[in-house]
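For the sequence shown, the working numbering gives the first residue as 444, with consecutive numbering after it.
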Amino acid sequence: MSNTPINLPSDLPSDLPSDRSANPPTEVAQTQAETNAGVARATGVLALGNIASRLLGMAREVTLTNLFGASRATDALYIAIIVPKTLYDLMIAGHVNSAIVPVLSEIVTRQGREALWRVVSVLISLLTALLLALVLLLEFFAPQVVAIISSGADAATQALAVDLLRLTAPMLLFLSLFAVLSGTLFALKAFTWPAFAGAVFNGCIVIATIALTPPPQIMTQIDGGIARWTLARPDDAIRAAALGWLIGALVQLALQIPGLRGAHIRLTLDWRHPAIRRIGLLYAPVMVSLLIDTLVRTFSYNLASQTGPRSISYMNWATTLIQFPQGLVATAISIAILPTLSRQATRFLPSARPSARPSARPGDRPGAARALPHEGREESARQSDERIDEQIEAQVEHARAFKDTLGLGLRLAITLIVPATVGLFVLATPIVALLFEHGAFTPLDTTITALALRLYLFGLPFAAVDLLLVYAFYARQDTITPAVIGLISLCIYLLVAVTLLPTYGLFSLMIADSVKHLVHALIAAVLLARRIGGFGGQRLALTFGKTALAALIMAGLAALATPILTTIIAPTTLLREITLVTVSSGLSVGVFLLLAALLRIEELRWLWRLIRERLGRGAEVNE
């Protein structure tokens, strides 16, 4: 592999692995040096916040499984929570990165903070009025909404879900106002308060659930006509967790207020404000993709409710586990690749390409060329041709830089997600047991959740690669193609899920989800490669081959070590689970890193250098 520098901004290491071996740096590389130590520190803060949020999110699920297990109560809770969360994702969350932050950033830069406060005031006022009405509709039509989402659930589960939905519906308003305030802080380059809001949100849920859930009671259950007494909690005890969601949304909203000291926000219902219209226009194409995701989520819950009790809970826990490595990989790529990709794309879009020749001005006679002397016309034409050639050459360099960066991002995603997928597949059962198999969560629940997780894992590498492919379309100002691909993948998902549902039940949804990610990634890769002329397919294949080989050897050793560790560890269940997961995971990581070094997987070494550089920049800023 060549380590020749390529045309990337100076915020990336100069010895970045390249898809070319002979092209020296040009002036294009120097013009892309736009980041500084402050940006490095900001990305570090956001990464820490993301990791803290996901860890506490895992603690939230562990708390729920410990107290309630897989039960009617957890099914009802997840049915209720999905409604305000889905509406928030569809109506507001997509606005933040695609529309709110870009518009507010431009306003504060060009017009100052007073203009910013006026726009924020309009946003908050309009959203409050709209969402208060929507919350009231949810309160009134809660039974109908729950019936749409969970038509296969029993009457008791639906009745409890209706009560929980009415309790958590105001969360939609709190989450939406938080999104506006956090977007405002991002526009002001104040990252700390929003970065850790997710961690605070999940932490509040954990604390409220533990503090407010009543102790278990002696309850009677009829088993085969025989009355048995058991120690359990009534289903409506899950209200404590629902209240925790509501409290968490309110607290994370309040957490943004200290960062907005001095803000002049007042009630203003000016829906004709130009900035509001711009936000709407920017968000419209993105909303199509989010709507498709919403439909997939709704169909998933509806189909899961038809496969038996507790199915929604199993699906939710498996999804939580698979989102953890996916989120960490997305964070790593976002820090290392995505900002650079976006900047490079803007420099070779068709709208920026030069015309072949400067056009004649109105009134010029054919062949007159501004009435210049013959020598002057020739010199002017020669200079014009040189400028056009320079512009074309620069755009070619920018296009190459874009493809190189995209290729690096794809290789980086493969290098990170393949070992994570294989390791999680091998250790699925002990990981689920360690995290969830306590209290009301049974060994049968562990088996079902682990199997669902393994089926989801087949699609995880494609989902990770697809993240970068979709972002590459967005960076090229193409939001239509991802939406069309998403619609196709939705149809594939429904076809596979409905076809396999009678045979495989709940697990048909995991199979369909993996097929959906596979189809989406393949179509996106083919279309993007045609439009930009490829992105290093040979190097991608080489990186995948090396990574897969190292990951498979790692998995084999982990699979051999697990039963050996089980026989020599003390019989205490918790100690066995902790030792199995920590020792097996540590052994797996060590083996993979050793094999990666032997196989010369340069993307890992490059990522480590990048992390050290950015941590060093952050330390310089703190000094």
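Even for Gly, the Cβ is constructed at its ideal location relative to N, Cα and C. For clarity, every value in this text was computed on a predicted model and none was experimentally measured.
Practice prompt. Could you tell me if the beta carbon of L970 falls within a distance shorter than 7 Å of some heavy atom in the ligand HEM?
Written response: No copy of the ligand HEM appears in this structure; indeed no ligand is present at all.
Worksheet item: How should S619 be labelled, buried or exposed, when 16 other C-beta atoms within 10 angstroms of its C-beta is the threshold for buried?
Response: buried
Worksheet item: Do we get a CB-CB distance below 8 Å when we pair F978 with the residues of chain D?
Response: Of the chains in the structure shown, none is chain D; there is only one protein chain.
Worksheet entry | For T885, three-class secondary structure by DSSP | coil
Worksheet item: Can you list, in chain order, the residues of its chain whose CB lies under 8 Å from that of D532, leaving out five sequence neighbours each side?
Response: L733, D736, T737
Discussion item. Quick check: what's the CA-CA separation for Q981 versus Q554?
Written reply: 48 Å
Worksheet entry | CA-to-CA distance, A915 to L559, given in whole angstroms | 30 Å
Practice prompt. Out of S1028, L877, L930, S951, point me to the one whose CA is closest to Y899's CA.
Written response: S951
Discussion item. For the structure I just gave you, are there three or more beta carbon pairs, one from the stretch 588-601 and one from the stretch 510-522, closer than 8 Å?
Written reply: yes
Practice prompt. Note down, in chain order, each residue of its chain lying with its Cβ closer than 7 Å to the Cβ of P809, except the 5 sequence neighbours on either side.
Written response: Because the pLDDT of P809 is 47, which lies under 50, any placement of that residue in the model is unreliable, and the number read from its coordinates should be weighed accordingly. Same-chain partners within the cutoff: there are none.
Item to complete: Measure the beta-carbon distance from S1028 to G770 and round it to whole angstroms, keeping in mind my assumption that it falls under 8 Å.
Response: That pair is no contact at about 18 Å.
Worksheet item: How would you write the range of the alpha helix (DSSP H) that I653 sits in, first residue to last?
Response: 640-655
Discussion item. Starting from R753, trace the alpha helix (DSSP H) in both directions and tell me its first and last residue.
Written reply: Unbroken run through R753: none, as it is neither H nor E.
Worksheet entry | Ranges of the alpha helix (DSSP H) found wholly within the stretch 501-534, counting only runs of at least 4 | 515-531
Worksheet entry | CB of A972 within 8 Å of CB of F978, strictly | yes
Item to complete: Check the C-beta distance from A640 over to Q699 and give it rounded, since I have them as a contact under 8 Å.
Response: 7 Å
Item to complete: Could you name the residues of the same chain whose beta carbon sits closer than 6 Å to that of F901, not counting the 5 residues immediately before and after it, in chain order?
Response: S957
Worksheet item: Does the stretch 486-497 come close enough to the stretch 747-759 to have 3 or more Cβ pairs within less than 8 Å?
Response: no
Fill in: Residue interval of the alpha helix (DSSP H) (run including G880)
Gly is not the amino acid found at residue 880; the sequence shown has Glu there. No alpha helix (DSSP H) contains E880, which DSSP labels as neither H nor E.
Worksheet item: DSSP state of V551, grouped into three classes?
Response: helix
Worksheet item: For the candidate residues A883, A906, A871, whose alpha-carbon lies nearest to that of T890?
Response: A871
Worksheet item: Who are the Cβ neighbours of V1024 in its own chain at under 8 Å, not counting the five residues just before and after it?
Response: L870, P873, I874, L877
Practice prompt. May I have the straight-line CA-CA distance separating R897 from V578, to the nearest angstrom?
Written response: 37 Å
Worksheet entry | The alpha helix (DSSP H) enclosing L870, as first and last residue numbers | Segment: none, L870 is in no alpha helix (DSSP H) and carries neither H nor E.
Item to complete: Measure the C-alpha to C-alpha separation of T529 and T946 and round it to an integer number of angstroms.
Response: 29 Å
Worksheet item: Among T1005, S1031, V969, which residue has its Cα nearest to the Cα of A993?
Response: S1031
Worksheet item: Rounded to a whole number of angstroms, what is the C-alpha to C-alpha distance between F617 and T942?
Response: 40 Å
Fill in: Assigned exposure category for H707 - 16 Cβ within 10 Å defines buried
exposed
Fill in: CA-to-CA distance, A642 to G500, given in whole angstroms
8 Å
Discussion item. Below 8 Å, how does it come out for the stretch 645-660 and the stretch 502-518: are there three or more Cβ pairs, yes or no?
Written reply: yes
Worksheet item: When the Cα atoms are used, what is the spatial distance from L547 to V563?
Response: 8 Å
Worksheet item: What first and last residue would you give for the alpha helix (DSSP H) that runs through L574?
Response: 556-583
Worksheet entry | Proximity to P659 [Cα-Cα], best of D678, I567, L631 | D678
Worksheet entry | Contact set for V1026: own chain, Cβ-Cβ below 8 Å, skip 5 residues either direction | A1004, L1008
Worksheet entry | Residue from F629, M758, A683, L624 with nearest C-alpha to I648 | A683
Worksheet item: Shortest alpha-carbon distance to I525 belongs to which of A599, A612, I494?
Response: A612
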